[in-house]
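> Have a look at this one before I ask anything.
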Amino acid sequence: MYAGFFHIGFQNGHLQTLEKHFTFLDLKDASGNLNVSSLVCFFKQSGFLNVSNPIYFVGDGAFLYQNLLENLPFKIKVSSLKDAVISSITIGHIGYTNYKDGNYGTSAVLSPIYLRKSQAELALEEKQK
10 MYAGFFHIGF QNGHLQTLEK HFTFLDLKDA SGNLNVSSLV CFFKQSGFLN
60 VSNPIYFVGD GAFLYQNLLE NLPFKIKVSS LKDAVISSIT IGHIGYTNYK
110 DGNYGTSAVL SPIYLRKSQA ELALEEKQK
């Protein structure tokens, strides 16, 4: 599972990405069975377990591995299938939940990180060759 991990919090009065890590996690053991040991190891090494808030899992991988993720030894929240399909809605849902809980920030610091260029960008580059 390719994953991006973000520690989001307040800094200088604004909601910002405090840390980010990108990695590939193999969720299968040597026998091919699903387990969370690589994920737990990643969290311990990255320091994300020191965060007192729950860890949010979003995207289609979160929904696909929901039963496995629910067995993690720390507090998590997994997106619903509806949220997994459209990631911008997932971010909006998390933001709205935080807003309702009194955690305010600015959306100006939020921006997506894409794994690849859009089809339009690729077509434009090809046309310019």
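Converting from the sequence shown to my numbering requires adding 9 to each position, the first position being numbered 1. All residues carry an ideal CB built from backbone N, CA and C; glycine is no exception. All of these numbers come straight from a predicted model, not from anything done at the bench.
Ignore the nearest five residues each way along the sequence and tell me which others in Phe31's own chain have a CB closer than 6 Å to its CB.
The residues are Gly13.
> Tell me whether the beta-carbon of Ile103 lies closer than 8 Å to the beta-carbon of Tyr65.
Yes. Within cutoff.
> Would the beta-carbon of Leu77 fall within 8 Å of that of Val45?
Yes, they are a contact pair.
> According to the neighbour-count rule (16 or more other Cβ atoms, all chains shown, within 10 Å of its Cβ), is Asp92 buried or exposed?
At Asp92, the pLDDT of 48 sits below 50, so the modelled position is not reliable; the number obtained from the coordinates is stated separately. Asp92 comes out buried.
> Could you work out which residue in Asn21, Leu34, Asn62 and Lys84 is closest to Asn107 when comparing CA atoms only?
The shortest Cα separation from Asn107 among Asn21, Leu34, Asn62 and Lys84 belongs to Asn62.
> Where do the N-terminal and C-terminal ends of the alpha helix (DSSP H) with Glu135 fall, by residue?
Looking at the DSSP string, the run of the alpha helix (DSSP H) that includes Glu135 is Gln128 to Gln137.
> Do Phe15 and Thr26 have their CB atoms nearer than 8 Å?
Yes, these two residues count as a Cβ contact at 8 Å.
> Less than 8 Å separating the beta-carbons of Phe52 and Leu34?
No, these two residues do not count as a Cβ contact at 8 Å.
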